[in-house]
Amino acid sequence: AGLDKLLKTNGSDSFMVSDHGPKERESEVEGLDGDELSTAYFAKRALGIATGRLWLILLALLFVAIRSAVVLWQPRVQGDIVQEAVYGGRDAFKRHIMLYGLLFGIQAVATSVQGYLFRRLAGVLAFDLRKLLFIRTIENDMVFFDTNNVGDLSTRLSSDVSTVLMPVSSTLSSFLSSATMLFGGLGMMLATSWRLSMITFSVVGPIIVVYRTYARWARRLSMAQYGARGLANQVCVETLTSIRTVRAFAAEAEQVRRYDMAIGESLDNLLKDARFGTISSFLSGVLDSGASVLVLFFGGMGIMKGYLSLSDLVAFNMYVNWLNTSYNSMVANFNSFTRSAGAMYRVTQLLDSAPDIEGDAGRNGRRIVLDEDIVVNDVRFAYQRRSESPVLRGLSLRIPSGSVVALVGRSGCGKTTLLSLLQRLYDVQGGSICIGNEDIRNVELTSYRKQIAVVGQDVQLFNASLRQNVLYGIDEGAMDDAYFQECLEISQITQFLDDLPEGLETSLGPQGVRLSGGQRARVAICRALLRRPRLLCLDESTSQLDSISERLVQHAIDDLLARKPFPCTVIMVAHRLSTLANCSRIFVMDKGVIRESGTHAELLAMPDGLFARLAEHQNLQAGNTFDADTVPGDSIDKLFDEIKP
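When we follow our numbering, the leftmost residue of the sequence shown carries the number 2, and every step to the right adds one.
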């Protein structure tokens with residue numbers, strides 16, 4: 002039940018969905034159950050990942066073959082040494098001792114070299130795989146991030162990759178050597194004494210049954226462990242990134258309880274695996290010991306009857322010991338591969354994921370310049386997690402190129418969603434969005450998005466210097482110093498720049514914690530200006546600030562709109578009605594459609610219009626907040642409810 006719950010929580014389905022519906026493509030991980038997560042599956046996917054390092058693999062295999070050949074010959078030489086010590090002469094004894102020493106030296110060199118090569122292989126594969134997974138992750142659609150938690154994704158990129166590659170560095174060399182020793186030893190045993198070989202082979206069948214029974218359990222338990230670790234990592238990420246909220250609500254104990262539940266699930270499955278592994282090892286050991294006793298008994302009888310020499314018995318017994326050691330090593334290695342198969346499943350889920358949006362036009366799409374009107378025609382859209390509640394229900398509007406327009410509406414009416422669709426973070430599910438006559442679904446995305454800048458409600462800053470944050474995504478070498486200073490002034494960063502200990506080189510800390518909310522908003526404005534965007538989106542960029550910070554940021558925005566140091570279209574999601582007077586056009590949205598549009602004066606001139614009634618109700622001169630979620634009382638909600646869809 003715990004496994005089913007974990008698989009449901011972190012299941013692969015979340016990687017196979019988009020706002021269009023399930024992806025119509027084949028994935029090697031789709032439909033696999035616990036029994037199919039085999040060592041063969043692990044090997045197949047691992048070889049696919051390692052193809053770029055084939056030369057390193059072949060070189061490592063060469064030294065595995067050299068070591069195995071030397072080791073396989075050693076029991077035969079040891080048997081001859083014993084034979085010569087008992088029955089032979091001093092010279093033959095010395096020759097065999099020298100040969101054995103030479104073989105041991107070759108074995109030591111080959112073992113060291115193959116160990117280095119496999120550790121190097123694991124290191125470069127970890128680099129390749131993590132880089133590939135990171136690229137594949139950030140290339141996914143926004144719906145991918147809407148349906149997958151960050152903690153689980155980071156677990157796949159970190160600990161799951163380590164688990165996948167652990168066998169390469171620690172067990173692959175041993176596994177290949179053991180496999181060579183196992184099959185080579187079988188041949189040498191048959192060549193030495195077929196009678197004793199048949200006795201030894203009689204226990205192989207029961208041992209295989211024991212191993213296969215344990216392997217089926219181990220695969221499912223490993224999947225549950227990795228799922229639980231993903232949940233635990235998600236709790237950890239949520240707690241650390243929201244530590245101020247946790248402290249403010251004195252909820253440390255609750256977060257510890259959630260983390261304890263997640264890691265407890267992982268521990269339970271680990272202990273189950275340990276119990277089954279112990280039983281498996283015990284049964285295999287009993288069968289191995291029984292086979293050794295039988296070999297010594299019948300071998301001794303063979304010497305007494307004369308059909309087996311002492312050197313043959315010594316060599317055969319050593320081959321049996323090698324066989325047992327190699328087999329036990331292979332079982333342990335198989336168990337390691339089996340556990341890694343669970344992590345490989347999670348890694349390849351991410352590796353096989355593919356974006357819908359980037360896959361439509363991608364780099365083959367047309368390059369356009371956003372210097373024409375934006376035409377939104379009968380657009381319909383619903384988020385996947387809320388597909389039964391469409392956000393946009395046939396929205397249509399036209400935004401003239403170079404104009405400053407505003408979107409007005411209550412929370413949830415689709416303002417931010419429209420901006421996301423304009424950036425093509427999601428695709429429309431009906432209708433179209435065009436720049437002039439060109440549908441944005443047919444344009445090359447990278448060049449298109451580089452012409453857009455967004456200043457949102459929640460400013461995202463990086464753990465880097467102030468300079469690096471404002472120049473994020475911009476080639477610093479191509480930046481004009483005079484324009485850079487102008488943007489710093491327009492965004493009013495110069496007002497607090499001297500207060501920072503290292504000026505523009507001051508590190509802002511994780512998520513920009515060293516700046517206030519107003520300062521972070523001004524950094525976002527500066528970052529947007531430096532892009533010289535053709536389309537600038539201001540999405541309630543002051544809604545989360547206190548009144549003093551809001552006034553400072555609003556002054557920066559007003560200065561920006563007045564000066565417009567580059568030609569661009571500006572779309573502003575309104576937070577206060579008092580900010581709309583200078584907009585060339587205002588669109589009033591309600592329930593996913595446009596209810597009214599016009600200039601500020603035209604809308605106020607409509608006595609029964611929604612905008613005019615809102616302005617009268619809100620007392621425009623007082624600058625009351627328009628958003629329904631931040632207005633005391635429910636009068637705004639009631640006013641919107643009077644407008645029938």
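C-beta atoms are modelled at their ideal positions from N, C-alpha and C, and glycine is treated no differently.
> Between Gly278 and Tyr215, is the Cβ-Cβ spacing less than 8 Å?
Replying inline: Sequence index remark: in the sequence shown, residue 278 carries index 277 (1-based). Sequence index remark: in the sequence shown, residue 215 carries index 214 (1-based). Cβ distance < 8 Å, so Gly278 and Tyr215 count as in contact.
>> I'd like the span of the alpha helix (DSSP H) that includes Val398, first residue to last.
In response: Residue numbering aside, residue 398 sits at position 397 when the sequence shown is read from its first letter. Correcting the residue type first, residue 398 is Leu in the shown sequence and not Val. Note, Leu398: premise wrong, no alpha helix (DSSP H); beta strand (DSSP E) at Leu393 to Ile400.
> Do the stretch 464-475 and the stretch 494-513 make contact, defined as three or more Cβ pairs closer than 8 Å?
Replying inline: yes
> With 16 as the cutoff for other CB atoms within 10 Å, does Gln226 come out buried or exposed?
Replying inline: In the sequence shown, the residue the question calls residue 226 occupies position 225. With 16 or more other Cβ atoms within 10 Å, it is buried.
> Which residue comes first and which comes last in the alpha helix (DSSP H) that contains Cys527?
Replying inline: Stepping through the sequence shown from its first residue, residue 527 is reached at position 526. DSSP places Cys527 in the uninterrupted alpha helix (DSSP H) bounded by Gly518 to Leu531.
> Short check: CB of Arg515 to CB of Glu445, under 8 Å?
Replying inline: Counting from one through the sequence shown, the residue named residue 515 turns up at place 514. Counting from one through the sequence shown, the residue named residue 445 turns up at place 444. Not closer than 8 Å, so no.
> When DSSP labels each residue in this structure, what does Phe463 get in the three-state scheme?
Replying inline: For the purposes of this step, residue 463 is identified with residue 462 of the sequence shown, where counting begins at 1. Phe463: coil per DSSP, three-state reduction.
> What's the call for Asp357, buried or exposed, on a 16-neighbour Cβ count within 10 Å?
Replying inline: As a first step, residue 357 must be located in the sequence shown, where it is residue number 356. That one is buried.
> Roughly how many angstroms separate the alpha carbons of Glu490 and Glu597, rounded to a whole number?
Replying inline: Translated into the one-based positions of the sequence shown, residue 490 becomes position 489. Translated into the one-based positions of the sequence shown, residue 597 becomes position 596. Cα-Cα distance, rounded: 36 Å.
> If you scan the stretch 376-450 from start to end, which runs of the alpha helix (DSSP H) of 4 or more residues do you find wholly inside it?
Replying inline: 416-423 and 446-450
>> Under 8 Å: do the stretch 62-74 and the stretch 135-143 share three or more Cβ pairs, one atom per stretch?
In response: no
>> For Thr570, report the span of its alpha helix (DSSP H) as first-last.
In response: In the sequence shown, residue 570 corresponds to position 569, counting from 1. That residue, Thr570, is in no alpha helix (DSSP H); its beta strand (DSSP E) goes Thr570 to Val574.
> Would Leu166 pass as a contact of Leu324 if the rule is Cβ separation under 8 Å?
Replying inline: Locating residue 166 in the sequence shown gives position 165, counting from the first residue. Locating residue 324 in the sequence shown gives position 323, counting from the first residue. Their beta carbons are not under 8 Å apart, which means Leu166 does not touch Leu324 by this criterion.
>> Let me confirm a value: Arg528 is counted as buried when at least 16 other C-beta atoms fall within 10 Å, else exposed. Which label applies?
In response: As a position in the sequence shown, residue 528 is number 527, starting the count at 1. Classification for Arg528: buried.
>> Quick test of your reading: Gly300 and Asn322, contact by CB under 8 Å. State the CB separation rounded to the nearest angstrom.
In response: Here residue 300 refers to the residue found at position 299 of the sequence shown. Here residue 322 refers to the residue found at position 321 of the sequence shown. Actually they are not in contact, since the Cβ atoms of Gly300 and Asn322 sit about 13 Å apart, beyond 8 Å.
> Buried or exposed: where does Gly32 fall if 16 or more other Cβ atoms within 10 Å of its Cβ makes it buried?
Replying inline: On the sequence shown, residue 32 is found 31 positions in, with the first residue counted as 1. Low per-residue confidence applies at Gly32: pLDDT is 43, beneath 50, and the placement is therefore not dependable enough to give any value.
> Terminal residues of the continuous alpha helix (DSSP H) containing Arg535?
Replying inline: By one-based count along the sequence shown, residue 535 stands at place 534. No alpha helix (DSSP H) holds Arg535; DSSP gives it neither H nor E.
> Taking C-alpha atoms, which residue in Ala229, Ser174, Gln385 and Val348 lies nearest to Gly49?
Replying inline: Residue numbering aside, residue 49 sits at position 48 when the sequence shown is read from its first letter. Minimum Cα distance to Gly49 is reached at Val348.
>> Measuring only the C-alpha atoms, how far is Trp74 from Gly185?
In response: Numbered from its first residue, the sequence shown carries residue 74 at position 73. Numbered from its first residue, the sequence shown carries residue 185 at position 184. If I take the Cα positions, the gap works out to 10 Å.
> Based on the DSSP output, what are the partners of Ile453 in its beta bridges?
Replying inline: Reading the sequence shown from its first residue, position 452 is the one you call residue 453. Bridge partners of Ile453: Leu536.
>> Run through the DSSP bridge pairs and tell me what Asp591 is partnered with.
In response: Start at 1 with the first residue of the sequence shown, and residue 591 comes out as number 590. Val594.
>> Can you tell me which residues form a DSSP beta bridge with Ser508?
In response: Taking the first residue of the sequence shown as position 1, residue 508 is located at position 507. In the DSSP assignment, the residues bridged to Ser508 are Ser466.
>> Any contact between the stretch 370-380 and the stretch 421-438? By contact I mean 3 or more CB pairs, one from each, below 8 Å.
In response: yes
> Roughly how many angstroms lie between the CA atoms of Ala606 and Phe612, to the nearest whole one?
Replying inline: What you label residue 606 is simply residue 605 of the sequence shown in a count that begins at 1. What you label residue 612 is simply residue 611 of the sequence shown in a count that begins at 1. One C-alpha to the other measures close to 9 Å.
> Which residues share a DSSP beta bridge with Gly599?
Replying inline: Locating residue 599 in the sequence shown gives position 598, where the first residue counts as 1. Ile587.
>> Whole angstroms are fine: how far does the CA of Arg46 sit from the CA of Ile350?
In response: The residue given as residue 350 occupies position 349 in the sequence shown. The residue given as residue 46 occupies position 45 in the sequence shown. Per the sequence shown, the amino acid found at residue 350 is Gln instead of Ile. When rounded, the distance between both Cα atoms is 11 Å.
>> Using only CA atoms, which one of Gly343, Asp482 and Leu154 lies nearest to Leu222?
In response: Residue numbering aside, residue 222 sits at position 221 when the sequence shown is read from its first letter. Looking at the Cα atoms, Gly343 is the closest of the given residues.
> Can Ser155 and Val247 be called in contact, C-beta distance under 8 Å?
Replying inline: Here the question's residue 155 lines up with position 154 in the sequence shown. Here the question's residue 247 lines up with position 246 in the sequence shown. Their beta carbons are not under 8 Å apart, which means Ser155 does not touch Val247 by this criterion.
>> Suppose you measure from the CA of Glu253 to the CA of Val72; what does that come to, to the nearest Å?
In response: Reading the sequence shown from its first residue, position 252 is the one you call residue 253. Reading the sequence shown from its first residue, position 71 is the one you call residue 72. About 58 Å.
> If we ignore side chains and look at the alpha-carbon of each, how far apart do Glu389 and Gly395 end up?
Replying inline: Here residue 389 corresponds to residue number 388 of the sequence shown, with the count starting at 1. Here residue 395 corresponds to residue number 394 of the sequence shown, with the count starting at 1. Their backbone Cα atoms lie some 15 Å apart in a straight line.
> Going straight from the alpha carbon of Thr326 to that of Ser174, what length do you get?
Replying inline: Reading the sequence shown from its first residue, position 325 is the one you call residue 326. Reading the sequence shown from its first residue, position 173 is the one you call residue 174. Their backbone Cα atoms lie some 15 Å apart in a straight line.
> How close, in whole Å, do the beta carbons of Ile587 and Leu604 come, if the pair is a contact with beta carbons under 8 Å?
Replying inline: For this step, residue 587 is matched to residue 586 along the sequence shown. For this step, residue 604 is matched to residue 603 along the sequence shown. Rounded to the nearest angstrom, the Cβ distance from Ile587 to Leu604 is 6 Å, consistent with a contact under 8 Å.
> Grouping DSSP H, G and I as helix and E and B as strand, with all else coil, what is Val221?
Replying inline: Reading the sequence shown from its first residue, position 220 is the one you call residue 221. According to the sequence as given, residue 221 is Arg; it is not Val. DSSP places Arg221 in helix when its eight states are reduced to three.
>> Would the stretch 485-499 count as touching the stretch 569-585 if we require 3 or more Cβ pairs under 8 Å?
In response: Proximity of the stretch 485-499 to the stretch 569-585 falls short of the contact definition, fewer than three beta-carbon pairs being nearer than 8 Å.
> With distances taken between CB atoms, is the gap from Pro568 to Gly403 smaller than 8 Å?
Replying inline: The residue you call residue 568 lines up with position 567 of the sequence shown. The residue you call residue 403 lines up with position 402 of the sequence shown. In contact: Pro568 and Gly403 (Cβ atoms closer than 8 Å).
>> The alpha helix (DSSP H) that contains Met607, what's its start and end?
In response: Along the sequence shown, one-based indexing puts residue 607 at 606. Unbroken run through Met607: none, as it is neither H nor E.
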